[in-house]
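Heads up: the sequence shown is residues 6 to 179, going by this note's numbering.
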Amino acid sequence: LRLGVAGLALAWLMFPAVMVAVSSTMLDGIVDAVERRHYPHLPAPRRIPVWRSVLEGLKFLGLVVLANLLALPFYFVPVVNLFVWFLVNGYLIGREYFELVAVRRLNPMGVKFLRSERRMGLFAAGVIIAFLSSLPLVNLLVPVLAAAFMAHLVEGMRRDLPAAASRVNPAISQ
């Protein structure tokens, strides 16, 4: 019984991050559709080799496990647990959806640079997505809405990138 309760608790805690990891393989089509409709001037996105996607997925899984293990003591404190859960998963989800979209248009250094430049906006977007993911029935639409939302957000950020990135390294964007 204890093991069953622990399994359910673990599933609830990690649901948003696991949802993103699983659904990210299917969301490229959503991002493609958003880009075709709203940004037809963009060239074809860069294709990421399968081995690279698997490697990044494993790194993200490690980050999910580590972040949730560090937050675990706070999950046992009533009220605090909700805030910590939204903060941890907001960060993780914002990061994963951002990278899902950004790797299509930026090289790894560009993704890292833009993520660090806009970390608070990405965190806020992730918290919104995590909150929506926690709502029954709404959470069924969240992956599609979040992918489209992040496609617009990343393109807006990317437009500002050349001026900021040229100060650091002109080879950051595609």
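Think of the CB as a built atom: it goes at the ideal place given N, C-alpha and C, for glycine as much as any other residue. Computed from a predicted structure; not experimentally measured.
{"query": "C-beta contact flag for Phe-81 and Ala-135 at 8 Å", "result": "no"}
{"query": "Local conformation of Met-162 per DSSP, three classes", "result": "helix"}
{"query": "heavy atom of the ligand FAD below 7 Å from Ala-156 C-beta", "result": "This structure lacks the ligand FAD; in fact it carries no ligand of any kind."}
{"query": "Unbroken alpha helix (DSSP H) run spanning Pro-113, endpoints", "result": "113-122"}
{"query": "Meets three-Cβ-pair contact criterion under 8 Å: the region 61-72 and the region 36-52", "result": "no"}
{"query": "Test: Val-55 CB closer than 8 Å to a CB of chain B", "result": "The structure shown contains no chain B, having only a single protein chain."}
{"query": "For Arg-124, the nearest candidate out of His-157, Leu-97, Leu-87 and Leu-142 (CA to CA)", "result": "Leu-97"}
{"query": "CA nearest to the CA of Leu-99, picked from Gly-34, Val-39, Val-69 and Val-85", "result": "The sequence given here has Gly at residue 99, not Leu. Nearest C-alpha to Gly-99: Val-69."}
{"query": "CB contact flag (Met-155, Leu-105, <8 Å)", "result": "yes"}
{"query": "Reference Asn-86; option with closest CA among Ala-14, Met-31 and Gly-9", "result": "Ala-14"}
{"query": "As assigned by DSSP and simplified to three states, the class of Met-31", "result": "coil"}
{"query": "Rounded straight-line distance, which links the Cα of Arg-52 to that of Val-159", "result": "17 Å"}
{"query": "Same chain only: Cβ atoms within 8 Å of Pro-54, ignoring 5 sequence neighbours per side", "result": "none"}
{"query": "Sub-8 Å separation of Val-147 and Leu-137 beta-carbons", "result": "yes"}
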